[in-house]
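Residue numbers (the working numbering): 335 to 585.
All C-beta atoms, glycine included, are put in the ideal place defined by N, C-alpha and C.
As the structure is a computational prediction, the values presented were derived from the model and not from experiment.
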Amino acid sequence: TRRSSDLNTTNPATNDTNENITAHVTTSDSNSDGVKVIYNWFLNGTSIAALNMPFEKVNGTNTDNGWDYSGYGNNGSENGDAAWNATGGYDGNGTYDFDGSGDDYILIDDHASLDITDTITLSAWIKTTDGSAGIIYKDNLAAGTQNGDYALNINNGKIILIINDAVACGNTGPTYNDNAWHLFTGTYDKNAASNQAKCYVDGVLDSQGTLTDAIVSNAFPLYVGIYYSSSYGFTGQIDDVLVLNKSLSIE
């Protein structure tokens, strides 16, 4: 049950893209159950999220909890041994477990909202001991080759953002396959003057890179928990998956 909510801006007189907007929500539940607040941000009435998948319980069961809150209906389907964990997640409100076998993942069918070309943000909370595995990947998995338009992965324990099969940023910093929760985020803005790609871990800039190509769209699904082949199946937990059609800053 939501008790109250407030939306604050740093300058109500302008309230434009140069201002910071902050949501404050307080909640209560008559049964003392935990309440998860799910945010979806809009720009001029249109969701900037193409995929907003927090993996909380939505249907009264322990299956098919890959629900998309972006408004585009990009709901995911479970494959293989991908299993929803009611008490897992970085906030304890649910997550998906993956066993690394290469046949368990969440599949999201292709949709125009996922065919992003100029600016993008990919983000997910992960907990793993894997050295190298896929987190978010859009391409033809059946091909078994790297032909994806975008991907956020862990590689040798490090964050890595892939745009058009090229390393946009990452693969250089510390390792994070320590079986603890970490927030992986990759952003890309092809029109930025410099450092078009940026990789963040736990809200801190990890690395940045130069790339000016438009993201090549394809008609293939988006996958959570695998990269381009079964060798890169994820082992561990993935939570709060986001794909945005804007390149967010650290602010």
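Thinking just about the alpha-carbon of each residue, which of THR462, ASP573, THR544 is nearest to the one in ILE586?
-> The structure shown does not extend to residue 586, since the chain is modelled only from 335 to 585, so the question has no answer here.
What is the C-beta distance between ILE440 and TYR557, in whole angstroms, given that I count them as a contact (C-beta under 8 Å)?
-> 7 Å
Which of helix, strand or coil DSSP assigns to ALA476 | helix
Between the CA atoms of THR429 and THR569 - distance to the nearest angstrom | Near 13 Å, if we compare the C-alpha coordinates of THR429 and THR569.
Indicate whether THR521 and LEU582 have their beta-carbon atoms separated by less than 7 Å.
-> yes
Is the beta carbon of THR356 sitting closer than 7 Å to the one on ASN374?
-> Their beta carbons are not under 7 Å apart, which means THR356 does not touch ASN374 by this criterion.
Cβ neighbour criterion (16 or more within 10 Å) applied to ILE584 | exposed
Whole beta strand (DSSP E) runs in the stretch 371 to 437 with 3 or more residues, listed along the chain?
-> 383 to 387, 410 to 413, 417 to 419, 429 to 433
May I ask you to report which of helix, strand or coil DSSP gives LEU448?
-> helix
Would DSSP call SER457 helix, strand or coil?
-> Secondary structure at SER457: strand, using DSSP grouped into helix, strand and coil.
Secondary structure at SER564, three-state DSSP: helix, strand or coil?
-> helix
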